Amino acid sequence: MSKNKEKFPSSPNTLHNYFARSPASTKKPAANPSTPTSALAAGGATAADRSSSNNQTNGTPKSSKVAVKKESESIGKEKRPVPVKPGVKDGEEEEIGTKKKRRRILMLDDTSDTEEGDAGGRNNENKPNNNNNLENHDDEQTGTKRFASLSSFERPNEPTESSDERKGERSSKQESDDGPVQKKIKLEKISEPADEPGPVLDEPTVWTHQKLDFLKPNKIKDIHGNRPGSEKYDSRTLYVPDSYLNTLTPAMRQWWMLKSKNFDCVLFFKVGKFYELYHMDAEVGVTELGFSFMRGEFAHSGFPEAAYDRMSTTLVEKGFKVARVEQTETPDMMQERCKVERTNSKYDKVVRREICQITVMGTEVFGQQVSITANHQPRYMLALTETFRQGAGSRYGVCFIDTSIGLFHLGEFDDDNQQSRLLTFLSHYPPVLVLHERAGAGNLSEGTQRVLRTLLANVKREALTTGSQFWTGETTLKYLAESIYGEGSAKEGSKWPPALRTMLDDADSLGLTPKESYRLALKALGGCVWYLQRCLLDQQVLSLATFEEYVPFDEDKATSNESLEKRLGAASAKRFMVLDSITLNNLKIVGSEGSLVDRMDHCCTKFGKRLLHNWICAPSCVKEEILQRQEAVGELIENVDLLQNVRQILGQLPDMERHLAQIHGFGLALANHPAKRAILYEEHVYGKKKMRDFIATLKGFESLLALPKLFSGTSSKLLVRLTQKADSSPSGIFPSMERQIQFFESSFDHENALKSGSIVPEKGLDAEYDAIEQEIQDLNRELDDYLVQQGKFFGCTVKYFGNDKKRFQLEVPEARAKKATSDYTLEGTKTGKNGTKRFHTEETRHFLKQMMLLEERRKSVLKDLARRIFERFSRNYEMWKGCIDLVAMLDVLTSLAEYARSEGLACVPELLDRADAANGSGTSFIEIAEGIHPCLASDAAESFIPNGVVIGGGAGKANLVLLTGPNMGGKSTLMRQVGLLAVMAQIGSRIPAESCRMTLIDRIFTRLGASDDIMAGHSTFLVELNETSAILKHATADSLVLLDELGRGTATYDGTAVAGSVVHYLADLKCRTMFSTHYHNLVDSFHDDPRIALGHMACMVENEDGDDPTQETVTFLYRYTDGACPKSYGFNAAKLAGMPTAIIKRAYELSKTVEAEALKRKILMKLLKNAPQNEIKELVVKFKSCQF
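Numbering-wise (the UniProt record's numbering), the sequence shown opens with residue 1 and increments by one.
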């Protein structure tokens, strides 16, 4: 690869003196370090002073003129003096030729996330506009050479070179046209005998920030001077002493001031076309992103702008918080500002940089620099606030947001001491970022803090100061009224979302006071809004915000239906089966491989997958809704062609829900936002991405126009409602989008937009653009006329030469150039056979100035035109979003149909209400025949033993089944199977069973497995009792309860007593219950109880009566059978586990001894009670069998 010539524009105040020092090392550095890859400009000594000093030191020829250096594009210092060409005027660029000791070799890898050559190879797209030649890759804004993208690089030392050597090398160099690429660059050293080896970077290096006193753990403070132990300590900020700041160069001072206010962030600090990482951030870049340190005393690494998406996403995924710092003015703008402000301070003579966005997991917004990820799961940011009463539970206010689509949920609810509702809520909507009030001021109960330590232990949490950061409800409403929804009464304002209006106090005429029952909910919203504001996302997210009220699924049924509908809104006034966090975990409903969601997910779209997850986590309890789903799924299964056709359409759709939010952001006219002022160097790339996403979304909606015709022959009520328009017969609610789609199809050329990254309107669409185009045409005619005039003057053919800022030079043959007068300024000469000379005149300079102004105006108009197109698209957001919601539901129905078809499922569950006449008994029941566990893989399902079970139903059928059987006999599997089949039945799916009849279940409770909770300080038995306590408090006659071996975590008698009392309570409650146990005396106690049915998992036993337990063989039949199992066959499990034979035999002997003692006591009790002789004889026979 040819070496790049590097240009540093002239402008005062570079940072070279500070930034190009060698790393700390015992070896004396070379006298002249190499030219840095990039350099930052800042205030300081004048260029003349530096030039004079350097010339005296190095003996380099002095220049008669001194160029004023502009800000260069990286941090570093060029100690070698630069000869300046005569005649270089202030503000013009000067080429610097340097002899390289190393050569960069691109290590191309296929992981680049850009396309069409934007990220690698020989990228002609990245060249400046107007057909610049290959030798001129200078940055128009800063005048700095564009360097090859570096993800790892270093700067070699160079010996001093003479001016003549540099000139010779410069004449022989060829400019590379490689644009910024997201590739690693390997430095291949060119061996030279005189090359002195430089310091080795692999040796341990003590960086500058590691020596700073104010960063040491025992002296670190926040920006207000608070130490880490203080309640007021803010870990997001850092105190940096003024005495240290005053020793820094302007740009480094700029970095430290930003870092002091954002100490918890990794700063991606924009310098020209690169994002630089300094000090502790550079260490993060090296450790987490695989960068290499640049040479220098302070830690320094970086990457090109084009790689921002990949780098920021990688850090965010690893839990870091990333702040994007952009240049918000060019060097020219900086100089103009200094003139206007009449400032001479060196700290003002540096381009302004501002944080444009802070990104952390939970605040992802997909914009022009960040592409939509493949992960479809929402990432919620949760704000949690609490008031609690000692011993009486807590009241929580919650607000959780999916920033990628602007969806806000907020609510307020009471909870018990076990935080049951909170835990259920967190399981249904797992957050990735939790905001809460600072502990220590009585803001969080011990139970809530325990949840934060345990369930949310791996979730990023941030504590906010009450009042100033965690806003009150009044402050939140005032901010929303002033900044988002406009002044005036929130009660009457049409802009206010209905969900928020219902939370306002009716007594307040201004509507800015929350209702007493919603104070905590609006306070939680205030915490979210403050955090969005700090991340500079408040305008973008809130302008799109859709607010919904969160009501716990187990809301008290005593609440009147009318008030509940008012709270939820007519569209969402549905009740759901409650699956708490314990049940979701025990039944493995959610999760990765092997979960119910994973097995049933055949959705074609990302937004469909999100809806399916919600359906499975909250199955419906509305019978009519479930029956409509069953009907729709049945029709799709029967009509395979229809199913395949619709899945083909849906399979081509992008994540349109997130694209809608993204397009809204593109069309947003941000008010006084730093992002609006940011200077971006890859805008043509971002423009292409915008166009690609916008056109893909448009094409997606266009493809959906085929749905009404495709489903015109369907009879299912739900399918008709989802796919037919309001004016069709039968009518549905599918929107009419043809007119809107046609407008965007015809308003601009899509192919050109994809190629250029900008929207060029058709003639007559935009008057301002047409006017500018006309002016450019007129100017081109003037240029042609002037060229003809010059040809007559010189008496030959004259051509225009040059491009960009050097356009319109008059190229005259050398023989005729003698006619040029003093009005012609010589710009260049071409020697050889057809030699020419190139001139500029006042007229050509005027033409160039006019043309550049017109092109800048055209660029600005096109940029704003694209924004206006996006903004116009977003005006119909409600229509687009409504269409996506309908298609998401259609996608879930096709997924259920495809799942049933692929698994060969034919059973449609028969669902009844308790009051249904078809039920007859008037009690809850569940009857499953030949059911199979639904989470099994296809090959495992073939060898699975199906099982049926009947629980409840009246006519002598008990509502509680006491389940016994051998260890490993399949008791827990059967219980999980029943729970999962019930969930599938109530989402409208077909299930793997021969038949199924059941009344609707309002909640499934599980107490399965055994484990302690070390973080919460709970033993195994306490965990069991906590879970059982929640069951006893919340279970109803419509619930399904699955209890596995309750009481095993304590002494046998205590455990048996607890289990027995729980069985009594649940039998009286008449809820459907499966209770497994190994306490056979418990089974004996309920042997004749009509409320309880006995069942067991069958097995066959050989050599059962022998004295050697190791010879006993148990064959599991995995079949549910009525009646009790006499033994648990624990010694068989010990043998299967490979325990030593001697241990098993000894255990058997001890078991017989214990059993004999128990039988003695039992026989004595029977004799004292004058029990029937046959019972006493049975016990005596058992006692004799225990004798050895």
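Positions of the beta carbon are idealized from the N, C-alpha and C atoms, including for glycine. Just so we're clear, the structure is a prediction, and the values are computed from it rather than from any experiment.
Euclidean distance between Cα positions of residue i and residue j
i	j	result
I637	A900	8 Å
E871	S595	41 Å
E1175	S1076	26 Å
E682	V760	19 Å
L1179	C935	45 Å
V861	I741	23 Å
E1149	A1158	14 Å
L826	K837	7 Å
M107	S756	Reliability of the predicted coordinates at M107 is poor, the pLDDT of 38 falling under 50, and the value obtained from them is presented with this limitation in mind. If I take the Cα positions, the gap works out to 28 Å.
V340	A678	21 Å
A1156	V1083	19 Å
K523	A1137	55 Å
K1177	V1154	20 Å
E288	Y275	16 Å
F1183	K1152	9 Å
Three-state secondary structure assigned by DSSP to residue i
i	result
M691	helix
E593	coil
K799	strand
A463	strand
R1091	coil
L201	Unreliable positioning characterises L201 in this predicted model, as indicated by a pLDDT of 48, which lies under 50. The coordinate reading is nonetheless provided below. Note: L201 maps to coil in three-state DSSP.
D1044	strand
P497	coil
F944	coil
V1114	strand
K1135	helix
K502	The amino acid at residue 502 is misidentified as Lys; the sequence shows Thr. Note: T502 maps to coil in three-state DSSP.
L444	coil
CB contact flag (residue i, residue j, <8 Å)
i	j	result
K609	A866	no
M311	F303	yes
Q789	L810	no
residue 1189	H1034	Nothing can be reported for residue 1189: it is not among the residues displayed for the chain, which extend from 1 to 1188.
R1091	G952	no
L890	L722	yes
Y1120	G988	no
A481	L512	yes
S716	E631	yes
V541	K460	no
S1039	F1005	yes
S260	A1030	no
L410	C399	yes
Buried versus exposed, by CB contacts within 10 Å (16 or more), residue i
i	result
R658	buried
Y1129	buried
S235	exposed
H279	buried
N262	buried
E942	exposed
P217	exposed
E462	buried
H224	exposed
Among the options, the one whose alpha carbon lies nearest that of residue i
i	options	result
L537	A374, I405 and A1142	I405
A817	K806, F839, R807 and F808	F839
residue 1252	L384, Q390 and W471	Residue 1252 lies beyond the residue range present for the chain, which begins at 1 and ends at 1188; the question has no answer from this structure.
C417	V432, T403, L1042 and Y396	As written in the sequence, residue 417 is Asn, which differs from the Cys given in the question. Checked all of V432, T403, L1042 and Y396; the closest Cα to N417 is Y396.
N834	E843, T844, P813 and K849	P813
S517	L525, G526, V529 and M503	M503
Y1079	E762, T964 and V1023	T964
Contact test: residue i Cβ vs the ligand ADP heavy atom, cutoff 7 Å
i	result
V861	Within the structure as shown, the ligand ADP is missing, as the structure has no ligands at all.
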